[in-house]
Amino acid sequence: KAGVTQTPRYLIKTRGQQVTLSCSPISGHRSVSWYQQTPGQGLQFLFEYFSETQRNKGNFPGRFSGRQFSNSRSEMNVSTLELGDSALYLCASQPGGLNTEAFFGQGTRLTVV
Amino acid sequence: EDQVTQSPEALRLQEGESSSLNCSYTVSGLRGLFWYRQDPGKGPEFLFTLYSAGEEKEKERLKATLTKKESFLHITAPKPEDSATYLCAVQASGYALNFGKGTSLLVTP
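Residue numbers (this note's numbering), protein chains in the order written: chain A, 1 to 113; chain B, 1001 to 1109.
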């Protein structure tokens, strides 16, 4: 069974640009969550999608957005990039219900210069 | 506000020297407590989920336990390949996982 796939693995962007990251969940999983990981703040929740609907949102500015497609694949977008957006962005896949294990992808390392 | 605190921040053990990592939490209505292992440059790897106080789970040299206020990850006779960052997360209301900052474990031969 294939795991969670995130693309690209690495990105370098310039301040002010925008970026789109992609996540393909485990087959059959309908919930996708996104997290930002930085050395100072650790793993922080961005948002969660289930059946194309955002169910939860973390405390991040509106520059961070996401969406989910009918095949459960998800994308997140960051507009007007800032240096502080440099981080490892992780996608987690769950079957959909509460109390179910979340399986993470390898992440996308975003560097903003 | 939900809080998850892991201690110690870093731990260095000799191969074979058993120890425990701590995860203390303050949440309203715990639905699940999760342990993950993360190697440098990789995504977290799922280890255990615990749902109620008194529950225990084991996997190879690892054993996770849960009380009403904290969870322990016991590592018995660790090997160098157990070196990693161990993350604890709680799920309360909603679907988000609230993570602690992690414990960085180094096991030396």
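Ideal Cβ positions, reconstructed from N, Cα and C, are used throughout, including at glycine.
Only a predicted model underlies this, so the values are computations on that prediction, with no experimental measurement involved.
Pair within 9 Å by beta-carbon distance, residue i and residue j
i: glycine 1094 of chain B; j: glutamate 48 of chain A; result: yes
i: glutamate 1009 of chain B; j: lysine 1069 of chain B; result: no
i: threonine 108 of chain A; j: leucine 11 of chain A; result: yes
i: lysine 1063 of chain B; j: threonine 1049 of chain B; result: no
i: arginine 73 of chain A; j: serine 27 of chain A; result: no
i: glutamine 1006 of chain B; j: valine 1027 of chain B; result: no
i: valine 112 of chain A; j: glutamate 82 of chain A; result: yes
i: arginine 1012 of chain B; j: leucine 1106 of chain B; result: yes
As assigned by DSSP and simplified to three states, the class of residue i
i: glutamate 1081 of chain B; result: helix
i: glycine 1041 of chain B; result: coil
i: glycine 119 of chain A; result: Nothing can be reported for residue 119 of chain A, as the shown portion of chain A is limited to 1 through 113.
i: threonine 1049 of chain B; result: strand
i: glutamine 106 of chain A; result: coil
i: tyrosine 1095 of chain B; result: coil
i: phenylalanine 69 of chain A; result: coil
i: asparagine 1022 of chain B; result: strand
i: asparagine 59 of chain A; result: coil
i: threonine 7 of chain A; result: strand
i: leucine 46 of chain A; result: strand
i: threonine 1108 of chain B; result: strand
i: valine 1004 of chain B; result: strand
i: leucine 1030 of chain B; result: coil
i: lysine 13 of chain A; result: strand
i: valine 112 of chain A; result: strand
i: arginine 1061 of chain B; result: coil
i: glutamine 37 of chain A; result: strand
Per-residue burial, residue i [other beta carbons within 10 Å of its own, 16 or more giving buried]
i: glycine 1016 of chain B; result: exposed
i: phenylalanine 1099 of chain B; result: buried
i: aspartate 1039 of chain B; result: exposed
i: leucine 1066 of chain B; result: buried
i: glutamine 1014 of chain B; result: exposed
i: glycine 40 of chain A; result: exposed
i: serine 1018 of chain B; result: exposed
Other residues of its chain near residue i: CB distance less than 7 Å, five sequence neighbours each side excluded
i: leucine 1030 of chain B; result: Val1090, Ala1092
i: phenylalanine 50 of chain A; result: Arg30, Ser31, Gly96
i: tyrosine 1051 of chain B; result: Gly1032
i: phenylalanine 103 of chain A; result: Gly3, Val4, Ile26, Ala92, Ser93
i: threonine 20 of chain A; result: Glu75, Asn77
i: serine 86 of chain A; result: Leu110, Thr111, Val112
Neighbourhood of residue i by C-beta, 6 Å cutoff - its chain only, sequence neighbours within 5 removed
i: leucine 43 of chain A; result: Tyr35, Gln37
i: serine 1020 of chain B; result: Phe1072, His1074
i: serine 79 of chain A; result: Gln18, Arg63
i: proline 1109 of chain B; result: Glu1015, Pro1080
i: glycine 3 of chain A; result: none
i: serine 1104 of chain B; result: Ala1010, Thr1085
i: serine 65 of chain A; result: Asn77
Residue i: contacting residues in chain C (beta-carbon distance under 8 Å)
i: phenylalanine 60 of chain A; result: Absent here is chain C; the protein component of the structure consists of chains A and B.
Own chain residues within Cβ distance below 8 Å of residue i, not counting five before or after
i: proline 1044 of chain B; result: Tyr1036, Arg1037, Gln1038, Leu1087
i: arginine 9 of chain A; result: Gln106, Gly107, Thr108, Arg109
i: threonine 14 of chain A; result: Leu81, Val112, Val113
Contact test: residue i Cβ vs the ligand FAD heavy atom, cutoff 8 Å
i: serine 1071 of chain B; result: With respect to small molecules bound, the structure shown includes none, and the ligand FAD cannot be examined in it.
Taking 8 Å as the threshold, find out whether the segment 49–62 of chain A comes into contact with the segment 1057–1070 of chain B through three or more Cβ pairs. no
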